[in-house]
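Structure first, commentary second.
There are 4 protein chains.
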Amino acid sequence: MAATRRPGRNHLFVPGPTNIPDRVQRAMIVPSEDHRSVDFPTLTKPLFEETKAVFGSTEGTIFLFPASGTGIWESALTNTLHRGDTVLTSRFGQFSHLWIDMAQRLGLNVIVQEEEWGTGANPQRIEEALRADTNHEIKAVMTVHNETATGVTSDIGAVRKAIDAAGHPALLFVDGVSSIGSLPFYADEWKVDCAIAGSQKGLMLPAGLGVICVSQKALKAAESSSGPNDRLAHVYFDWADHQKQNGAGYFPYTPALPLLYGLREALACLREEGLENVYHRHAVLAEATRQAVAAWGLKTCAKEAKWNSDTVTAILVPEGIDAAAIIKHAFVRYNLALGAGLSQVAGKVFRIGHVGDLNELSLLGAIAGAEMAMLDNGVKVQPGSGVAAASSYLRENPLAKS
Amino acid sequence: MAATRRPGRNHLFVPGPTNIPDRVQRAMIVPSEDHRSVDFPTLTKPLFEETKAVFGSTEGTIFLFPASGTGIWESALTNTLHRGDTVLTSRFGQFSHLWIDMAQRLGLNVIVQEEEWGTGANPQRIEEALRADTNHEIKAVMTVHNETATGVTSDIGAVRKAIDAAGHPALLFVDGVSSIGSLPFYADEWKVDCAIAGSQKGLMLPAGLGVICVSQKALKAAESSSGPNDRLAHVYFDWADHQKQNGAGYFPYTPALPLLYGLREALACLREEGLENVYHRHAVLAEATRQAVAAWGLKTCAKEAKWNSDTVTAILVPEGIDAAAIIKHAFVRYNLALGAGLSQVAGKVFRIGHVGDLNELSLLGAIAGAEMAMLDNGVKVQPGSGVAAASSYLRENPLAKS
Amino acid sequence: MAATRRPGRNHLFVPGPTNIPDRVQRAMIVPSEDHRSVDFPTLTKPLFEETKAVFGSTEGTIFLFPASGTGIWESALTNTLHRGDTVLTSRFGQFSHLWIDMAQRLGLNVIVQEEEWGTGANPQRIEEALRADTNHEIKAVMTVHNETATGVTSDIGAVRKAIDAAGHPALLFVDGVSSIGSLPFYADEWKVDCAIAGSQKGLMLPAGLGVICVSQKALKAAESSSGPNDRLAHVYFDWADHQKQNGAGYFPYTPALPLLYGLREALACLREEGLENVYHRHAVLAEATRQAVAAWGLKTCAKEAKWNSDTVTAILVPEGIDAAAIIKHAFVRYNLALGAGLSQVAGKVFRIGHVGDLNELSLLGAIAGAEMAMLDNGVKVQPGSGVAAASSYLRENPLAKS
Amino acid sequence: MAATRRPGRNHLFVPGPTNIPDRVQRAMIVPSEDHRSVDFPTLTKPLFEETKAVFGSTEGTIFLFPASGTGIWESALTNTLHRGDTVLTSRFGQFSHLWIDMAQRLGLNVIVQEEEWGTGANPQRIEEALRADTNHEIKAVMTVHNETATGVTSDIGAVRKAIDAAGHPALLFVDGVSSIGSLPFYADEWKVDCAIAGSQKGLMLPAGLGVICVSQKALKAAESSSGPNDRLAHVYFDWADHQKQNGAGYFPYTPALPLLYGLREALACLREEGLENVYHRHAVLAEATRQAVAAWGLKTCAKEAKWNSDTVTAILVPEGIDAAAIIKHAFVRYNLALGAGLSQVAGKVFRIGHVGDLNELSLLGAIAGAEMAMLDNGVKVQPGSGVAAASSYLRENPLAKS
């Protein structure tokens, strides 16, 4: 985009959008076609089935929308809830905040449990709140699985246990935009009612395809929410319209065709690598990143190891240093895109995304670049220390589990 | 998609999605990038300006959503109107019907003027209805510019005159999904408050980018609709969130990147050909198609010449012939995708789209194919007659005006 | 390429380069890679086997050169022959002429049998010449299978019979550049010693990959020609260098990588359609073209039906008409690329290529375009007559045999 | 290519083929077109002019062949020389060896000056040999500018001075396959008569386009070599055939179309970065690599700093270590393609190519990977030391000169 050509590739280490594998890129180069043709379902019908795997589901129903993940947040809320309904949720970062903001603006009554940034959803507090809700006013629990702003992963299994322990019928909505396809996710086992994914993270596609995996319980809630007066107005994201068409392989309106072809190929990539290997790889690359951070003598935004996200690491810069300056310098000088600190942690952290289609040497290049950008901006780290620590770890820990 | 390879290209003559020019296809093959980078606005900022040209606007504001045109319908309604507001509209085909259905499901009070399929919006009736609405209960007039189901184009200039003649303050919303970028469209001159376009028609892109051109008056209405209680709940399609970010070249959530690059190239294509030439070309190809229909001895769905759409021609098959069988046969036997008849005209018409990036010989191939498919299905047309008539017209009428 | 954008696609009906199927186009979009890597042979080794099918061979050896077909002509001659060797050949068009010119310039003694343009190789004369060559001075018979300049196909099976009938040991070299992959070709059955193909015709790739299928007999001749003094100097096109590397899946120098990936996909296309269906399709499209020519009241350059080429038809324009003007007009006005008349037939013919990845409606578009260009240039043909005749034939004759 | 998917990109650090910039990759995705059309010269004619810049020439003539660099070696020799002519050259690596082998097999009398591997052409010895050749038997001096096998660059300016000092009329042929477009090259200033380039190195394209820049003196020699009897037989690589067509923008046979479009874009890339910046960037990345080698305590194959190549560094592994094992391990375990040792240095060196479209972090990733592969194979280097040294150098030395 720059006026003068910058040589070589851009090193993309934001926590999404992620790198698109060549074969997925190729798969999306398709001519236009009639999405009502007799051939079209041979593309689409398998997608509705095969996409479930990345959600850890066999029982769910997949809906595919031409939309970003934000739209799918809205789809979950508007299909299942009524105006004025109460939902329970935790705020511990920018994305959990934005989802709360949406819920409020849609007219829901949102009970917010504030958690310290750098931690995640607190199952115990959730259980307490649900136990206290003896009238079952709370219709849904909303949880962000992986808070990209702080590099924190919440324990959805524990949230489920909390709901069950409270014996509460609330639906469970999980934002898995930056986790699904990268971190272990078990929608069926965790009884997630709406699991929300975007295309531009673990699915290794451009943004523009919103994916949701919906439980039978949520589908039922959607039916009962269809009364005209108090429902949350929506048509574009309506599940029922899609259900009518999806069974035969069609959509109620024109789908984003290249992304459907891309999804098919991305799912094949994940299948060929093996989802367990994919999860393991993310864990290994994340730990290598954290080894580098430790070698630099810096701290992550995540308060404890249990909160560590395996898709993104938020790194606290020393007092007196402007993380934003490091990020800008990394981009302009070294063609390295790091994630910025947002809101509460703006200027205090930079983030290294290690999500999607990535391997050791790409990550080591980014670690080297982050180190150089820090050094250039006055952070006293030992040159080469980050790569030394990360590479030693990576030598010992292959990316593939099997 | 078929199990066995079918040689040669698919001849795509549905009225959208349309053929993607090679250079636009190429432009969309981009690596992922950080949509918050310092470079990103060099891509996006010109788009907000340059896109206005295809709407015939210099004063409007462009919003770009990762969505289909259906979503943009919703964006127009939910940003400007309140629950229970009254809107006036006309129904004369499947797409005008679907928009009405959406408005009703969103909780609006919709006054529907039924017009015969094959005709379009009736300015006189609109004027009458507005004159009768002395309390100005009607907040907006919704009109589909080009009804693809029947191949009919309504006269938006006349609708505007009707509103003005009635001295009514209603907003004017126009669905230009299958007209904008192909048919003359003058949002400023016609004072269209929301002009709605999709990417997959005249913009020659895949579906997935919804575009709306909003007037100052509509922006103002959006502000006043932002009260919490009676507004039509929406966040994803909210203009205000976009306005906050668009000025600096950013978006409130991850945009559909390839489509933005594609849009830049598609606009360049339209500019290089010249919009007046683009409109003229569509008129010439459409008239050539109608010449073929006449030579076949058949009639179009459009009742009078004044209703003729220059982006799609709906052709009535003789009594006793199943148009659906012709369409299926054309696809399976000749790799030709024709548009189906929908709803009221299902089985009675097939449609030839002549919209987007197209020239004479492609159209003549499709006309030949439609003729063959008709002959194979018992329609008695003179072999070669359609191409003879269309090609004679095309020899006399160059595609470029200048 | 033009300064102002021309809408729609270019209709490519030269007899090569031919249209590249989308999936082949996609397959060629590959990053650079190390052509000495341990993975590389998984791409290349199957190519050496699978390419034989289009030559009708199981016993031959395939060599793949980064070169045009012209280079492969040179490869055949320089690997097997010595300076001053005598070869026998026929001239009946521009391409047979150019191959003769090459042989002469390489220092061979070329016995040329002149045949009327519009006919092809004469097996009887060949037999006579070989019988007369009792000393076996003639080392090779060179024949152009499909002379694209005139739209004539020679009968290679008959040439083989002529050689056998004469009991002559000469090698048989066949230029199959515009036939292999499109017309029936049986290298083993016909005992073709060097069968020469380019990538840009029946293989549906861009130019740049030269392919040769070499018999055991020719390989043996190549060994004996390797003496230093009188051999035809060559290194780039040397088979022995390739043989040393190809077995393990490598090349003596850097190969044209995208074309190798493209070849793999193109072979898959041909396999999926079925070679017999591919040949049948070319025959049907060719006959449809000839039906159009007859309906126009024009004649082909091929003197008799037995000479008709099924990959290209050369059409004689009436006296007083300049074929070159028609061709230029077709290109400029209708975006239709027709083949020009060359040498003896320059200005007298235009050529419609019907080779490669093509189906009915594309051809009918071209026939319509040729007709319009003729009419615009004063050729009195009946409007629509070509398409009427061709489409009637095509309705009766499906492209797929099975 | 592997049966199981390997995540992330392949890190390509062989000294060619090199990484293809995204925009060049895009530019090559073109439909087939008629290479005899009236539009075609608008693509080709500028190429013949603009390509000269990378050769440092305004006076030369460019020829473009569908071929690898090996073919262009042959083109230089066969167009200008006669059978039995004497040429003078130096051997100091695998590629200088192969060119000598070709010259001998073509029937030339080759005087070889053996130089130690790790050094290059010796201008003093060349001058002596030329002075001794009082009869001017030597028709040409052949020099490999950049010997990729050993990472050695010869001083072509000094070779020119040697020839001039000897007052000898020999032609000067320079293999610039791995230097042109990456290292300073001044064909006019150095009076190089044949400067030979391939597409897959500094030109950042796939292999398959051979480029030669020919002086007026060499063109004259080519004319005089065209006598029929003693010339080196050649047609495919004949300059005169090309000269006849190139002037009007055409070729004597079908060109490799995608590569021509790619060349246009690659030249634009080089122009936008600025050739001086391109050369500077290669120097900086090369020196960073050598800093890493020094930090590892290892030696390069180049004997003295003056021989250092700025496009490839050949690194000697310690006694008892098999460099081939390191290379294989780097590829299989870390998806890193390093260059192998060839011939005399097989098993003794591995090579890091730093040529083409490359920036700091990509190189640092490769240095990290090479280090890991060495450590895994028993080479005792300090973890992180290579990246520490290289990154410190890179922080001080920006890639762009201006």
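Chains as they are written, first to last, in full-length UniProt numbering: chain L, 1 to 402; chain B, 1 to 402; chain Y, 1 to 402; chain H, 1 to 402.
All C-beta atoms, glycine included, are put in the ideal place defined by N, C-alpha and C.
Worksheet entry | Nearest-angstrom Cα separation, counted from B/His-282 out to Y/Ala-3 | Within the third sequence, the letter at position 3 stands for residue 3 of chain Y. Within the second sequence, the letter at position 282 stands for residue 282 of chain B. Unreliable placement is indicated for Y/Ala-3, whose pLDDT of 42 sits below 50; no coordinate value is reported for it.
Discussion item. Assuming H/Thr-383 and H/Leu-375 are in contact, meaning their beta carbons sit under 8 Å apart, how far apart are those beta carbons, in whole angstroms?
Written reply: Working through the fourth sequence from its first residue, we reach residue 383 of chain H at position 383. Working through the fourth sequence from its first residue, we reach residue 375 of chain H at position 375. According to the sequence displayed, residue 383 of chain H carries Pro and not Thr. The pair is a contact, with the Cβ atoms about 7 Å apart (cut-off 8 Å).
Worksheet item: Which residues in the same chain as L/Lys-401 place their Cβ atom closer than 6 Å to its Cβ, once the five residues preceding and following it in sequence are excluded?
Response: As a position in the first sequence, residue 401 of chain L is number 401, starting the count at 1. Only Glu-276, Asn-277, His-280 meet the Cβ criterion.
Fill in: Chain-ordered neighbours of B/Arg-26 on chain H, where CB pairs are closer than 8 Å
Position 26 of the second sequence, counted from the start, is the residue given in the question as residue 26 of chain B. Neighbours of B/Arg-26 on chain H, chain order: Arg-26, Ala-27, Ile-29.
Worksheet item: Which term fits H/Lys-139, buried or exposed, when burial requires 16 or more other beta carbons within 10 angstroms of its beta carbon?
Response: Position 139 of the fourth sequence holds residue 139 of chain H. The residue is buried, with at least 16 neighbouring Cβ atoms inside 10 Å.
Worksheet item: Taking all protein chains shown into account, do 16 or more other C-beta atoms lie within 10 angstroms of the C-beta of H/Asn-19, making it buried, or fewer, making it exposed?
Response: Locating residue 19 of chain H in the fourth sequence gives position 19, counting from the first residue. Under this definition H/Asn-19 is a buried residue.
Worksheet item: According to DSSP, is B/Glu-137 helix, strand or coil?
Response: In the second sequence, residue 137 of chain B corresponds to position 137, counting from 1. Coil.
Fill in: Backbone CA spacing between Y/Pro-215 and Y/Asp-188 [nearest angstrom]
Mapped onto the third sequence, residue 215 of chain Y falls at position 215. Mapped onto the third sequence, residue 188 of chain Y falls at position 188. Just to set this straight, residue 215 of chain Y is Ser in the shown sequence, not Pro. Using only the alpha carbons, I get a separation of about 8 Å.
Discussion item. Beta carbons nearer than 9 Å to chain Y: which residues of the segment 299 to 324 of chain L have them?
Written reply: none
Worksheet item: I think H/Thr-150 touches H/Val-345, with their Cβ atoms under 8 Å apart; what is that distance to the nearest whole Å?
Response: What you label residue 150 of chain H is simply residue 150 of the fourth sequence in a count that begins at 1. What you label residue 345 of chain H is simply residue 345 of the fourth sequence in a count that begins at 1. Their Cβ separation, rounded to whole angstroms, is 7 Å, which keeps H/Thr-150 and H/Val-345 in contact under 8 Å.
Worksheet entry | For L/Glu-50 and L/Trp-73, the rounded distance between their alpha carbons | Walking along the first sequence from the start, residue 73 of chain L turns up at place 73. Walking along the first sequence from the start, residue 50 of chain L turns up at place 50. The alpha-carbon atoms of L/Trp-73 and L/Glu-50 are separated by roughly 22 Å.
Discussion item. If you reduce the DSSP assignment to three classes, tell me which class Y/Phe-48 lands in.
Written reply: Locating residue 48 of chain Y in the third sequence gives position 48, where the first residue counts as 1. If DSSP states are grouped into helix, strand and coil, Y/Phe-48 belongs with the helices.
Discussion item. Tell me the rounded alpha-carbon separation between B/His-168 and B/Glu-59.
Written reply: As a first step, residue 168 of chain B is located in the second sequence; it is residue number 168 there, counting from the start. As a first step, residue 59 of chain B is located in the second sequence; it is residue number 59 there, counting from the start. Their Cα atoms are separated by approximately 21 Å.
Worksheet entry | Spatial neighbours of H/Pro-123 in its chain, beta-carbon cut-off 8 Å, leaving aside the 5 residues before and after | Position 123 of the fourth sequence holds residue 123 of chain H. Only Asp-155, Ala-158, Val-159, Lys-161, Ala-162 meet the Cβ criterion.
Worksheet item: Between H/Leu-259 and H/Met-28, which are expected to be in contact by the criterion C-beta below 8 Å, what is the C-beta distance as a whole number of angstroms?
Response: Stepping through the fourth sequence from its first residue, residue 259 of chain H is reached at position 259. Stepping through the fourth sequence from its first residue, residue 28 of chain H is reached at position 28. Yes, they are in contact, since the Cβ atoms of H/Leu-259 and H/Met-28 sit about 7 Å apart, within 8 Å.
Practice prompt. Determine the contact status of Y/Gly-365 and B/Ser-362, defining contact as a CB-CB distance below 8 Å.
Written response: Locating residue 365 of chain Y in the third sequence gives position 365, where the first residue counts as 1. Locating residue 362 of chain B in the second sequence gives position 362, where the first residue counts as 1. Yes.
Fill in: Reduced DSSP category for Y/Met-204 - H, G, I as helix; E, B as strand; rest coil
Position 204 of the third sequence holds residue 204 of chain Y. DSSP places Y/Met-204 in coil when its eight states are reduced to three.
Worksheet item: Under 8 Å between the Cβ atoms of H/Ser-385 and H/Ala-295?
Response: Residue 385 of chain H sits at position 385 when you count from the first residue of the fourth sequence. Residue 295 of chain H sits at position 295 when you count from the first residue of the fourth sequence. The answer is yes: Cβ separation under 8 Å.
Worksheet item: Any C-beta of chain L sitting closer than 8 Å to the C-beta of B/Asp-34?
Response: Translated into positions along the second sequence, residue 34 of chain B becomes position 34. Yes, B/Asp-34 counts as interfacial toward chain L.
Worksheet item: Does any CB atom of chain Y fall closer than 8 Å to the CB of B/Ala-388?
Response: In the second sequence, counting from the first residue as 1, residue 388 of chain B sits at position 388. By this cut-off, B/Ala-388 is an interface position.
Practice prompt. Please specify which runs of the alpha helix (DSSP H), each continuous and at least 4 residues long, are wholly inside the segment 204 to 265 of chain B, giving them in chain order.
Written response: 216 to 224, 239 to 246
Worksheet item: In the DSSP assignment, what residue or residues form a beta bridge with L/Val-332?
Response: Here the question's residue 332 of chain L lines up with position 332 in the first sequence. None, per the DSSP bridge assignment.
Fill in: Positions along the segment 37 to 62 of chain Y whose CB lies within less than 8 Å of some CB in chain H
Ser-37, Val-38, Asp-39, Phe-40, Thr-42, Leu-43
Fill in: Proximal chain H residues relative to L/Pro-7, where beta-carbon distance stays under 7 Å
In the first sequence, counting from the first residue as 1, residue 7 of chain L sits at position 7. By Cβ distance, chain H contributes Glu-273, Arg-281, Asp-357, Leu-358, Asn-359, Leu-399.
Worksheet entry | Beta carbon of Y/Leu-106 nearer than 8 Å to that of Y/Thr-61 | Numbered from 1 along the third sequence, position 106 holds the residue referred to as residue 106 of chain Y. Numbered from 1 along the third sequence, position 61 holds the residue referred to as residue 61 of chain Y. Not closer than 8 Å, so no.
Worksheet item: In three-state DSSP terms, what is B/Ser-90?
Response: Counting from one through the second sequence, the residue named residue 90 of chain B turns up at place 90. Of the three classes helix, strand and coil, the one that applies to B/Ser-90 here is strand, per DSSP.
Fill in: H/Val-355 and H/Ser-199 closer than 8 Å at C-beta
Residue numbering aside, residue 355 of chain H sits at position 355 when the fourth sequence is read from its first letter. Residue numbering aside, residue 199 of chain H sits at position 199 when the fourth sequence is read from its first letter. Against a cut-off of 8 Å, the Cβ pair of H/Ser-199 and H/Val-355 comes out as no contact.
Worksheet item: Going along the chain, which residues of the segment 11 to 24 of chain B sit with their C-beta nearer than 9 Å to a C-beta in chain H?
Response: Asp-22
Worksheet item: Does the beta carbon of B/Ala-286 sit closer than 8 Å to a beta carbon anywhere in chain Y?
Response: Looking up residue 286 of chain B in the second sequence gives position 286. It does not: the Cβ of B/Ala-286 has no partner Cβ on chain Y nearer than 8 Å.
Worksheet item: Taking L/Arg-333 as the reference, which of L/Met-372, L/Asn-359, L/Ala-195 has the closest Cα?
Response: Position 333 of the first sequence holds residue 333 of chain L. When each option's Cα is compared against that of L/Arg-333, the closest is L/Met-372.
Worksheet entry | Partners in chain L for B/Phe-331, counting only beta-carbon separations shorter than 9 Å | Here residue 331 of chain B refers to the residue found at position 331 when the second sequence is read from its first residue. Within chain L, the residues near B/Phe-331 are Asp-34, Ser-37, Val-38, Asp-39.
Worksheet item: Based on Cα-Cα distance, which residue from B/Asn-10, B/Ser-68, B/Ala-166, B/Arg-6 lies nearest to B/Pro-206?
Response: Position 206 of the second sequence, counted from the start, is the residue given in the question as residue 206 of chain B. It is B/Ser-68 whose Cα lies nearest to the Cα of B/Pro-206.
Discussion item. Using C-beta distances below 6 Å, list every residue in its chain close to B/Thr-153, excluding the 5 sequence neighbours before and after it, in chain order.
Written reply: What you label residue 153 of chain B is simply residue 153 of the second sequence in a count that begins at 1. Around B/Thr-153: Asn-146, Ser-309.
Fill in: Bridge-paired residues (DSSP) for Y/Arg-83
Counted from its first residue, the third sequence places residue 83 of chain Y at position 83. None, per the DSSP bridge assignment.
Discussion item. Can you tell me whether Y/Pro-46 is buried or exposed? The criterion is at least 16 other CB atoms within 10 Å of its CB, across all chains shown.
Written reply: Within the third sequence, the letter at position 46 stands for residue 46 of chain Y. Under this definition Y/Pro-46 is an exposed residue.
Fill in: Contact list for H/Thr-70 against chain Y, beta-carbon separation under 7 Å
Within the fourth sequence, numbered from 1, the residue matching residue 70 of chain H stands at position 70. Tyr-236, Tyr-253, listed in chain order.
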